């Protein structure tokens with residue numbers, strides 16, 4: 058070490074320069090292509106005379122309300138909301154410049170041949186992919202669990218012909234996967250004979266199969282199995298991965314990733330759509346399409362980029378929101394290399410620890426996992442072992458804890474990043490309702506009152522989405538709230554104490570104990586056998602019968618060749634709209650199918666529940682609520698006009714608002730009239 062002060066100072070300066078240079082280089086590597094270009098563009102301070110009209114937020118600042126809006130979100134958001142009139146950021150529609158570089162980088166990270174960023178959700182991503190692939194009369198092998206956007210794109214817009222694969226539901230109301238027997242080739246060809254017999258023996262009868270890679274309730278498919286069983290029948294398979302997208306970053310889930318498959322020229326082309334905003338790092342509506350089909354390039358069935366992009370440009374805006382696009386770019390950067398695996402491993406570990414805490418402290422609310430593995434309690438295994446062995450999340454044939462009766466061994470497993478909890482009320486040995494129960498929507502209401510927001514609640518299950526954003530403290534807070542809810546159940550606390558907002562809005566609940574409210578809901582479930590109706594609606598034997606193509610039904614709807622009919626008089630009529638509770642947006646009846654059977658019973662039960670359970674009404678699409686002269690809500694739906702049927706609107710006087718029921722709502726008489734209370738589960 059030199060004793061010369063000057064040399065020491067020089068050495069410090071030199072070392073400092075090295076550190077600064079290294080830091081600057083590191084910072085430069087953090088920004089992916091589009092985000093880097095956007096930051097640099099925003100820093101230029103251009104004098105803008107183009108769109109958008111707020112011009113960097115300055116228009117907002119000219120009014121007090123606008124200024125508060127500007128200050129709330131911050132200057133950078135407004136300055137980065139730029140116009141595509143300046144080509145410096147590349148063209149998002151024809152994929153040039155930094156925009157192209159960002160999507161090419163994402164394709165590399167996610168193991169795709171090409172990736173498209175979509176700024177209006179996976180509903181649009183699905184329609185883009187389907188619009189590029191499906192023409193009128195093409196056969197589509199169709200997971201009945203598909204989101205409504207798939208029905209709309211493939212059937213109502215493109216005019217494809219569906220061959221449906223029936224799906225399972227369990228006694229808790231959880232959305233399961235396709236029944237194992239439906240992947241049998243002979244059975245599939247029999248189903249083709251029912252709708253297009255001339256194509257039943259074709260080598261590849263299907264232009265496209267659309268499969269939910271993961272259901273809303275966390276049933277995950279094995280992509281390799283799907284391709285092996287049906288791939289040779291299809292030109293392409295679209296894996297709707299709206300509820301996953303992170304599977305390739307979790308080693309024990311790798312087999313379920315379509316993008317990690319080794320594919321040959323005899324395999325189908327693969328399309329994967331992902332809702333990045335759901336459990337990855339993207340702003341709301343951030344979505345992406347991954348195209349993996351170079352292995353069939355040159356074949357007649359192959360769709361090249363130019364043709365695919367034609368469909369892309371039909372659905373995307375010419376005025377993109379650049380911060381939203383940048384979030385997709387940054388999401389890919391965050392998953393690059395080992396970082397994605399590290400973050401998702403921590404997420405899986407956190408979810409396992411949360412399940413262990415619940416198993417140790419709760420007696421009523423239980424995590425949806427196998428109770429034992431090899432005769433040993435699930436929670437007694439080491440967390441790292443669980444996090445690296447898919448056996449701890451597998452559905453095994455015949456095991457009663459899950460009640461999915463149509464699964465084969467190693468066909469499906471539980472998504473470790475979906476924290477699913479079940480509530481009392483179901484005998485899992487029989488699948489029947491027990492005498493008492495705790496419907497999950499009441500737990501959901503309680504948690505929201507406590508500022509804990511679940512993703513959704515069904516009949517006897519509740520769902521929490523896990524991402525790398527979770528912390529131990531957050532999990533501990535959730536568990537503490539659930540423990541507190543159980544204490545209220547055991548003490549039969551008043552509804553006014555457990556659910557004060559509900560009691561304030563609906564005075565008829567104030568005098569009830571929480572157990573009484575639970576029992577009324579539970580009795581309603583049991584009376585209507587709601588879980589059985591949910592199962593039946595998606596089974597071939599019970600689902601609505603086909604009458605006309607969804608494409609033709611949609612055209613009739615547009616031409617106003619329809620009429621609005623109350624559900625009480627709708628049996629046998631042809632639906633002109635798909636009907637569903639939302640979320641998750643899965644059609645219970647498809648346009649062109651006939652109202653009746655399990656689906657009609659379900660929605661009529663819903664009508665009864667809506668009238669007897671204020672405060673628990675679900676969002677419903679394709680069914681409309683109108684008040685009759687007695688202040689009762691009635692459900693109506695559009696059907697194909699039939700001049701031979703008498704007009705019903707004169708028989709059922711409709712009102713925009715109900716009669717005044719305030720006096721009745723405060724009375725004990727009204728309470729005694731409530732024979733059933735139900736928040737309906739999501740389908």
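In this note's numbering, the protein residues as written are 58 to 740.
Every residue gets a Cβ at the ideal spot worked out from N, C-alpha and C, and that includes glycine.
None of these values were measured; they are calculated from a predicted model.
Nearest-angstrom Cα separation, counted from residue j out to residue i
| i | j | result |
| --- | --- | --- |
| residue 734 | residue 670 | Only weak support is given to the placement of residue 734: the predicted model assigns it a pLDDT of 33, under 50, and the value that follows is read from those uncertain coordinates. Between residue 734 and residue 670, the C-alpha separation is close to 5 Å. |
| residue 484 | residue 576 | 16 Å |
| residue 474 | residue 404 | 7 Å |
| residue 187 | residue 340 | 24 Å |
| residue 86 | residue 166 | 15 Å |
| residue 342 | residue 640 | 15 Å |
| residue 76 | residue 441 | 37 Å |
| residue 238 | residue 264 | 21 Å |
| residue 125 | residue 109 | 19 Å |
| residue 211 | residue 650 | 16 Å |
| residue 567 | residue 494 | 20 Å |
| residue 447 | residue 409 | 12 Å |
| residue 590 | residue 657 | 10 Å |
| residue 177 | residue 185 | 11 Å |
| residue 653 | residue 629 | 6 Å |
| residue 236 | residue 432 | 28 Å |
| residue 230 | residue 638 | 13 Å |
| residue 480 | residue 415 | 12 Å |
| residue 634 | residue 149 | 34 Å |
| residue 400 | residue 676 | 34 Å |
| residue 100 | residue 113 | 12 Å |
| residue 608 | residue 333 | 30 Å |
Residue environment, residue i, which counts as buried when at least 16 other CB atoms sit within 10 Å
| i | result |
| --- | --- |
| residue 69 | exposed |
| residue 719 | Its pLDDT being 39, under 50, residue 719 is placed unreliably by the model, and the measurement read from it follows with that caveat. Classification of residue 719: exposed, given that the 10 Å Cβ count is below 16. |
| residue 262 | buried |
| residue 645 | buried |
| residue 277 | buried |
| residue 251 | exposed |
| residue 600 | buried |
| residue 180 | buried |
| residue 664 | buried |
| residue 183 | buried |
| residue 160 | buried |
| residue 716 | Below a pLDDT of 50, predicted positions are generally treated as unreliable, and residue 716, at 36, falls in that range; the measurement from the model is reported next regardless. Result: exposed. |
| residue 477 | buried |
| residue 374 | exposed |
Limits of the beta strand (DSSP E) - the one that residue i falls within
| i | result |
| --- | --- |
| residue 470 | 469-471 |
| residue 593 | No beta strand (DSSP E) holds residue 593; the alpha helix (DSSP H) holding it covers 587-594. |
| residue 293 | 291-297 |
| residue 208 | Run containing residue 208: none in the beta strand (DSSP E); it sits in the alpha helix (DSSP H), 205-208. |
| residue 200 | 196-200 |
| residue 285 | Residue 285 -> not in any beta strand (DSSP E); alpha helix (DSSP H) instead, spanning 280-287. |
| residue 518 | 518-522 |
| residue 219 | 218-222 |
| residue 117 | No beta strand (DSSP E) holds residue 117; DSSP gives it neither H nor E. |
Unbroken alpha helix (DSSP H) run spanning residue i, endpoints
| i | result |
| --- | --- |
| residue 532 | 529-548 |
| residue 235 | Not the alpha helix (DSSP H): residue 235 falls in the beta strand (DSSP E), residues 232-235. |
| residue 165 | 154-166 |
| residue 96 | 90-100 |
| residue 244 | 242-252 |
| residue 83 | 62-87 |
| residue 665 | 654-669 |
| residue 190 | 178-190 |
| residue 269 | That residue, residue 269, is in no alpha helix (DSSP H); its beta strand (DSSP E) goes 263-269. |
| residue 129 | 121-130 |
| residue 20 | There is no way to answer for residue 20, as the model of the chain reaches only from 58 to 740. |
| residue 444 | 440-444 |
Please confirm if the region 277-297 is in contact with the region 188-206, defined as three or more CB-CB distances below 8 Å between the two stretches.
yes
In chain order, which beta strand (DSSP E) runs of at least 3 residues are fully inside the region 332-419?
344-349
Decide if the region 495-504 is in contact with the region 435-455; the criterion is three or more beta carbon pairs, one per stretch, under 8 Å apart.
no
Kindly provide the ranges of any beta strand (DSSP E) runs that are 3 or more residues long and lie completely inside the region 456-507, ordered along the chain.
469-471, 475-479
Taking 8 Å as the threshold, find out whether the region 343-360 comes into contact with the region 304-312 through three or more Cβ pairs.
no
Three CB pairs or more closer than 8 Å across the region 506-520 and the region 461-470:
no
Does the contact criterion of 3 or more C-beta pairs under 8 Å hold for the region 150-167 versus the region 389-403?
yes
Three or more beta-carbon pairs under 8 Å between the region 619-627 and the region 208-222, yes or no?
no
Would the region 137-147 count as touching the region 349-367 if we require 3 or more Cβ pairs under 8 Å?
no
For the region 150-158 and the region 84-104, state whether three or more C-beta atom pairs, one from each stretch, are separated by less than 8 Å.
yes
Between the region 667-683 and the region 548-567, do three or more beta carbon pairs fall short of 8 Å?
yes
Along the chain, which unbroken stretches of the alpha helix (DSSP H) at least 4 residues long are found entirely within the region 594-656?
607-615
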